[in-house]
Structures are given as structure tokens and as C-alpha cells.
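Heads up, the thing below is written out as C-alpha cells.
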Amino acid sequence: MSQPKVIISEPCIYVPKDYWHCDLTIVKRRKIGEILQEADLISPAQIETALMDQKYHQELHLGEILALRGWIKQETADFFAQQWYDKIASPQKRPLGYYLMEAGLLNEQQIEAILKEQQTNWLKFGAIAVLKGWLKKTTVDFFVGNLFPDRKTDSIYAKQPQAKVEINTHSSTGDTELLYFVNSIDPSQIVD
Numbered sequence: 021m022s023q024p025k026v027i028i029s030e031p032c033i034y035v036p037k038d039y040w041h042c043d044l045t046i047v048k049r050r051k052i053g054e055i056l057q058e059a060d061l062i063s064p065a066q067i068e069t070a071l072m073d074q075k076y077h078q079e080l081h082l083g084e085i086l087a088l089r090g091w092i093k094q095e096t097a098d099f100f101a102q103q104w105y106d107k108i109a110s111p112q113k114r115p116l117g118y119y120l121m122e123a124g125l126l127n128e129q130q131i132e133a134i135l136k137e138q139q140t141n142w143l144k145f146g147a148i149a150v151l152k153g154w155l156k157k158t159t160v161d162f163f164v165g166n167l168f169p170d171r172k173t174d175s176i177y178a179k180q181p182q183a184k185v186e187i188n189t190h191s192s193t194g195d196t197e198l199l200y201f202v203n204s205i206d207p208s209q210i211v212d
């Protein structure tokens with residue numbers, strides 16, 4: 021079977037539907053405002069205000085207005101406007117922190133701090149970012165759900181070790197003793 025041909029002629033490029041290795045048609049393209057709202061990065065009121073501003077400044081994109089108002093970084097607007105759908109469609113996935121840094125939601129120092137903390141506790145990357153107050157849980161869930169749909173139902177928090185509690189009552193003294201055992205779990209199974 022021959023490779024489909026790409027035809028380039030002024031002023032357009034024709035690319036056959038079966039040219040791409042993944043089906044981009046299954047990814048419904050939405051407006052940047054809808055995406056930013058679903059990611060819990062902006063509110064409906066902020067979108068409404070930015071759209072009103074856009075009526076007076078038609079030369080500006082919505083993401084630029086949101087960034088100029090200080091509600092998101094320009095880097096974040098650019099990521100969602102220019103790269104988001106490519107990241108979703110790409111079969112080659114990177115770690116969650118990579119995408120959050122690309123979107124301007126975490127910086128390198130924050131990522132290093134999260135990775136360092138992961139070595140000493142049972143939490144996933146996103147959970148630590150949420151607990152430190154750097155991201156909202158809904159934002160982490162949005163990224164995980166869209167970029168890693170197979171992990172969509174996973175909690176951002178690690179599974180807690182299984183515990184077994186036993187109560188021993190000593191017959192001679194009548195004292196009650198509470199014994200708490202934590203089963204051993206391989207940390208590599210629960211850390212992102």
C-alpha cells in the first residue's frame with residue numbers, strides 16, 4: 021500500500037485524512053476560553069470580561085487579554101492556543117510535570133521540590149503540587165484526564181498502605197493493647 025500524498029498548491033495544502041498516524045478528528049477542538057475554564061485556570065466572569073475587552077481591542081486574542089489582565093501567564097495562553105491539541109494527540113507522553121512546566125503553571129524549582137518530596141512520601145506528583153498550593157486539584161485532574169485518559173479514574177493521591185489493626189487483651193492484667201501493622205508496599209507502584 022502506498023503512502024498517501026500531500027498536495028501543496030497556493031494558497032492551501034491538501035492532506036489526506038489517513039496521512040496522520042493518529043486520528044485528530046476524535047479530539048474536538050474547543051475555544052481557549054472553554055479549555056481554560058475546564059482546567060479551572062479562569063472563571064466564567066473573567067471570560068465574560070475578557071470577551072467584552074475583545075470587542076474594543078479586536079486585534080488582541082482572548083489569551084492575550086487574559087494575560088494582560090494578570091489572570092493567567094502569556095505562556096499559559098500560548099500553550100493552550102498553540103500546543104494543547106498536539107500534546108493530547110501525541111502518542112509519546114512525557115511526565116505530568118513536563119506539561120505543567122510547558123504551560124507555565126509550575127517552574128523548574130517547584131518541579132525539583134516536588135520530585136525531592138516524592139522520594140520521602142507516598143504521594144503522586146500532582147498531589148504534592150496541590151498540597152503545596154501551587155495548583156488546584158481540578159487543574160491536575162484536567163491535565164491527567166486529557167493527557168493520560170487511562171489514568172483518569174486514578175486519584176491524584178497515592179493509595180495508602182493497607183493497615184491491619186489487632187486488639188489484644190491480656191488475660192492476667194486485663195490491659196488492652198492496640199497493635200497496628202502496615203503491610204509493606206513497593207513505593208515504585210504508587211509514585212508517578
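With my numbering as the guide, the letters of the sequence shown map in order to residues 21 to 212. Virtual Cβ for every residue (Gly too), placed ideally from N, Cα, C.
I85 and A70 have their C-alpha atoms spaced approximately 6 Å apart.
If the five residues before and after E137 are omitted, its C-beta is found closer than 8 Å to the C-beta atoms of L143 and I148, all from its own chain and listed in chain order.
In this chain, the alpha helix (DSSP H) harbouring L167 covers K157 to L167. For I92, the secondary structure class from DSSP, reduced to helix, strand or coil, is coil. Counted as a single uninterrupted DSSP element, the alpha helix (DSSP H) harbouring K136 occupies residues E128 to Q138. DSSP places P64 inside the alpha helix (DSSP H), whose first and last residues are P64 to Y76.
If you draw a straight line from the Cα of Q112 to the Cα of F168, it comes to about 11 Å. For W104, the enclosing alpha helix (DSSP H) starts and ends at W104 to A109.
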